[in-house]
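In this text, residue positions in the sequence shown follow my numbering: the first is 20, and each later residue adds one. Data block below; observations after.
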Amino acid sequence: MPDMPGLNLIVASADGSRLYAALETAMAAAALGEPVRLFLQGEAVALLRAPIGFAGDAARVAAGQPDLAQMIAEAAAMNVVLIACQSGMALASLMAGDMGPHIRAGGLVGFLAGVRPDDRLIVY
């Protein structure tokens with residue numbers, strides 16, 4: 020799979036619906052066998068504060084869909100790499116251990132350095 024083009028997603032706002040959509044996209048690509056990385060930039064990192072959730076969770080669960088926390092866990096189980104912006108962590112007063120085992124800290128420069136020429140980059 021290393022030679023397969025990857026999908027790189029950036030969530031750039033603290034909008035739970037955008038993160039949920041990015042996770043859906045990430046999981047669909049991972050199901051197709053693509054390597055996927057998702058970077059939460061700036062204020063978006065606040066969405067990772069425990070307990071993880073957003074205003075749309077109740078409606079999604081009522082419709083038989085997973086909530087945001089379940090989506091993050093399922094994406095990680097599908098080998099979607101989840102990265103929290105270090106600057107965003109500082110803005111949200113979060114430490115690496117505050118976000119759960121599925122998420123690692125990283126910077127935007129390092130994330131972009133990992134985007135290969137044939138990869139796709141999408142910003143939510």
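Don't be surprised by glycine CBs; every beta carbon is placed ideally from N, CA and C. Note that the structure is predicted; figures quoted are calculated from it, not measured.
**Message:** Give me, in chain order, the residues of the same chain whose beta-carbon lies closer than 6 Å to that of Ile29; leave out the 5 immediate sequence neighbours on both sides.
**Reply:** Phe58, Gln60, Val142
**Item:** Any 3 or more C-beta pairs closer than 8 Å across the segment 124-143 and the segment 25-44
**Value:** yes
**Prompt:** Is the segment 115-132 touching the segment 99-106 in the sense that three or more CB pairs, one from each, lie closer than 8 Å?
**Reply:** yes
**Item:** Of the listed residues Asn98, Asp76, Gln84, Val128, nearest to Ala48 (C-alpha basis)
**Value:** Asn98
**Request:** Within its chain, find whatever has a CB closer than 6 Å to the CB of Pro24; leave out the 5 residues flanking it on each side and keep chain order.
**Result:** Asp137, Asp138
**Request:** Name, in chain order, the residues that DSSP records as bridge partners for Ile29.
**Result:** Phe58, Val142
**Request:** Can you tell me which of Ala77, Ala69, Leu26 puts its alpha carbon nearest to the alpha carbon of Leu51?
**Result:** Leu26
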